[in-house]
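Trainee: Heads up: the sequence shown at position 7 corresponds to 25 in our numbering, and the numbers run straight through without jumps.
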Amino acid sequence: MKRRNFLKNATLTTAGLAVGSTLASCAESDSKEKKVITTPQASLPLVIATWNVPNATAKAWEILNNGGSVLDALEQGCMVEEADIKNQSVGKGGRPDRDGNVTLDACIMNKDGNCGSVVYMKNITHAITVARKVMEDTPHVMLAGKGAEDYAVSIGMKRENLLTEASKKEWKEWLVEKEYKPIINIENHDTIGMLAIDKNGDISGACTTSGLAYKMGGRVGDSPIIGSGLFVDNQIGAAVATGMGEEVVKTVGSFLVVELMRKGKSPQEACEEAIKRIVNKPNSDYKNFQVGYIAVNKQGETGAYSIHEWFSMTKFQDGKNENIQSDFFNKTV
Ligand code: GLY
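#1: Is the CB-CB distance between Cys-289 and Ala-322 below 8 Å?
#2: Pick out the complete alpha helix (DSSP H) segments inside the segment 105-174, 4 residues or longer, and give them in chain order.
#3: Report whether the distance from the Cβ of Ala-124 to the nearest heavy atom of the ligand GLY is below 7 Å.
#4: Looking at the structure shown, is Lys-281 part of a helix, part of a strand, or coil, going by DSSP?
#5: Could you tell me if Val-194 is buried or exposed, where buried requires 16 or more neighbouring beta carbons within 10 angstroms of its beta carbon?
#6: How would you call Ser-39, buried or exposed, if buried means at least 16 neighbouring beta carbons within 10 angstroms?
#7: For the ligand GLY, any of its heavy atoms closer than 7 Å to the Cβ of Asp-216?
#8: Which of the three DSSP states, helix, strand or coil, is assigned to Leu-64?
#9: Could you tell me the boundaries of the alpha helix (DSSP H) in which Leu-193 lies?
#10: What whole-angstrom Cβ distance do Ala-74 and Leu-82 have, given they're in contact under 8 Å?
#11: What separation, rounded to the nearest whole angstrom, lies between the Cα atoms of Val-351 and Arg-177?
#12: For Asp-208, count neighbouring Cβ atoms within 10 angstroms of its own Cβ and tell me buried if that reaches 16, exposed if not.
#13: With distances taken from CA atoms, which of Val-250, Asn-348, Ser-241 is nearest Met-279?
#14: Is it right to say Asp-123 is buried, meaning 16 or more other beta carbons lie within 10 angstroms of its own, or is it exposed?
#15: Which of the three DSSP states is assigned to Thr-227 in this structure?
#16: Determine which residues share a DSSP beta bridge with Ile-312 and list them.
#17: Just to confirm my understanding: we take Val-270, look at its own chain, exclude 5 residues before and 5 after, and list those with CB closer than 8 Å. What are they?
#18: Can you look up Phe-307 in the DSSP assignment and give me helix, strand or coil?
#19: Using beta-carbon positions only, say whether Leu-89 and Gly-219 come within less than 8 Å of one another.
#20: If we count the other Cβ atoms within 10 Å of its Cβ and call it buried at 16 or more, is Gln-286 buried or exposed?
#21: Is there at least one non-hydrogen atom of the ligand GLY closer than 7 Å to the beta-carbon of Leu-274?
#22: How about Leu-213: is its Cβ closer than 7 Å to a heavy atom in the ligand GLY?
#23: I'd like to confirm something about Asp-115: is its beta-carbon nearer than 7 Å to some heavy atom of the ligand GLY, or not?
#24: If you compare alpha carbons, which of Lys-190, Asn-84, Asp-115, Ser-228 is closest to Ala-145?
#25: To which residues does DSSP link Lys-338 through a beta bridge?
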């Protein structure tokens, strides 16, 4: 019997049961004995992120391991990618829309179910910081466009040109083709979504993106939409999405993953079911787009799954990074 099943099926008396600080356990009473359902101990803190982003996860884990807050960890982890102009799907250096404008979406959600997001924001590199401030310092959950940008400036953030020469050159080359076909996941990275469990076992999450390359002006994807791009339920777990945001929005993907975990699925099973919801829709065009999910549950188990290959999850635990290639649905093409 696999260790997880063994532990899940174990029936023990509560007396003498050692519960580690990182162990989630739950006791159910019946008339004769206490049945304790327990799960493997996860070493905390734990950080996972979409794609191969070792610098981002290392930054977040270091903050958590030094006793910092989970929101500081997530924000600063995401900021690593937002500032990296070589990452052309997040923050400064992100690929623009079809008109040459770089527009950013981001959101953050904490253990209490509070959240903040920014959509279609220009000229501010650290969208995740603005999303956090929306959550913490405003009565709202979402600011859009010029309002988000003006708010960012009002809290001391500086306007910058986010369109780098490299992204501008690629955009101009794309324009020459004169074919309107937004591109997603043409490289081995996209939206960075990050989930973390702190030393107390509390879960929070964040994600940040420049969205679909060469999208229509005004387009917003899944990443700033709570429940689609990200969802956290500190009792159950959390999930975050990457890939074709339209498809994630249509299935309220991250909320779905968390709800599936609530019903008893493991993070891996929940990610797989959420991907199958997309590919099994009538007339699904799934061969032509990518979606990936990562998830973590309250016990620190993790999962990742995508439609196509070329999706991975970075996991930072026990002081070390691991890039884990995701299993995927479309193995036959
Ligand atoms: N998942 C990023 C986007 O669709 O904008």
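Where is the CB? At the ideal position from N, CA and C, for every residue including glycine.
Mentor: Inspection of the coordinates gives the following:
#1: Here residue 289 refers to the residue found at position 271 when the sequence shown is read from its first residue. Here residue 322 refers to the residue found at position 304 when the sequence shown is read from its first residue. Going by C-beta atoms, Cys-289 is nearer than 8 Å to Ala-322.
#2: 145-155, 163-172
#3: In the sequence shown, the residue the question calls residue 124 occupies position 106. Every heavy atom of the ligand GLY is 7 Å or more from the Cβ of Ala-124, so no.
#4: Numbered from its first residue, the sequence shown carries residue 281 at position 263. Of the three classes helix, strand and coil, the one that applies to Lys-281 here is coil, per DSSP.
#5: Reading the sequence shown from its first residue, position 176 is the one you call residue 194. Residue burial is scored here from C-beta neighbours: Val-194 has fewer than 16 other C-beta atoms within 10 angstroms and is therefore classed as exposed.
#6: Here the question's residue 39 lines up with position 21 in the sequence shown. Because Ser-39 carries a pLDDT of 36, less than 50, the predicted location of this residue cannot be relied on, and the following value inherits that uncertainty. Per the 10 Å Cβ criterion, exposed.
#7: Along the sequence shown, read from residue 1 onward, the residue named residue 216 stands at position 198. Because no heavy atom of the ligand GLY lies under 7 Å away, the Cβ of Asp-216 does not count as near it: no.
#8: Translated into the one-based positions of the sequence shown, residue 64 becomes position 46. Reduced to three states, the DSSP call for Leu-64 is strand.
#9: Start at 1 with the first residue of the sequence shown, and residue 193 comes out as number 175. Counting along the chain, the alpha helix (DSSP H) containing Leu-193 begins and ends at 183-195.
#10: Taking the first residue of the sequence shown as 1, we reach residue 74 at position 56. Taking the first residue of the sequence shown as 1, we reach residue 82 at position 64. With a Cβ gap of about 13 Å, Ala-74 and Leu-82 do not count as contacting.
#11: Within the sequence shown, numbered from 1, the residue matching residue 351 stands at position 333. Within the sequence shown, numbered from 1, the residue matching residue 177 stands at position 159. Residue placement at Val-351 cannot be trusted, given a pLDDT of 49 that sits under 50; the coordinates are not used to answer.
#12: As a position in the sequence shown, residue 208 is number 190, starting the count at 1. Asp-208 is buried by the Cβ-count criterion.
#13: Position 261 of the sequence shown, counting from 1, holds the residue named residue 279. Answer by Cα proximity: Val-250.
#14: Start at 1 with the first residue of the sequence shown, and residue 123 comes out as number 105. By the 10 Å Cβ count, Asp-123 comes out buried.
#15: Taking the first residue of the sequence shown as position 1, residue 227 is located at position 209. Strand, per DSSP.
#16: Within the sequence shown, the letter at position 294 stands for residue 312. According to DSSP, Ile-312 bridges with Val-258, Ala-322.
#17: As a first step, residue 270 is located in the sequence shown; it is residue number 252 there, counting from the start. Gly-245, Ser-246, listed in sequence order.
#18: Translated into the one-based positions of the sequence shown, residue 307 becomes position 289. Looking at Phe-307 - three-state DSSP - the assignment turns out to be coil, as it is neither helix nor strand.
#19: Taking the sequence shown and counting its residues from 1, the one referred to as residue 89 is at position 71. Taking the sequence shown and counting its residues from 1, the one referred to as residue 219 is at position 201. Not in contact: Leu-89 and Gly-219 (Cβ atoms no closer than 8 Å).
#20: The sequence position of residue 286 within the sequence shown is 268, counting from 1. By the neighbour-count criterion, in which 16 or more other beta carbons inside 10 Å mark a residue as buried, Gln-286 falls on the buried side.
#21: Stepping through the sequence shown from its first residue, residue 274 is reached at position 256. No, Cβ of Leu-274 sits at least 7 Å from all heavy atoms of the ligand GLY.
#22: As a position in the sequence shown, residue 213 is number 195, starting the count at 1. Every heavy atom of the ligand GLY is 7 Å or more from the Cβ of Leu-213, so no.
#23: Along the sequence shown, read from residue 1 onward, the residue named residue 115 stands at position 97. Flag unset: Cβ of Asp-115 not near the ligand GLY.
#24: Sequence index remark: in the sequence shown, residue 145 carries index 127 (1-based). Comparing Cα-Cα distances from Ala-145 to each of Lys-190, Asn-84, Asp-115, Ser-228, the minimum goes to Ser-228.
#25: Your numbering for residue 338 matches position 320 in the sequence shown. Note: Lys-338 is bridge-paired with Gln-335 in the DSSP secondary-structure output.
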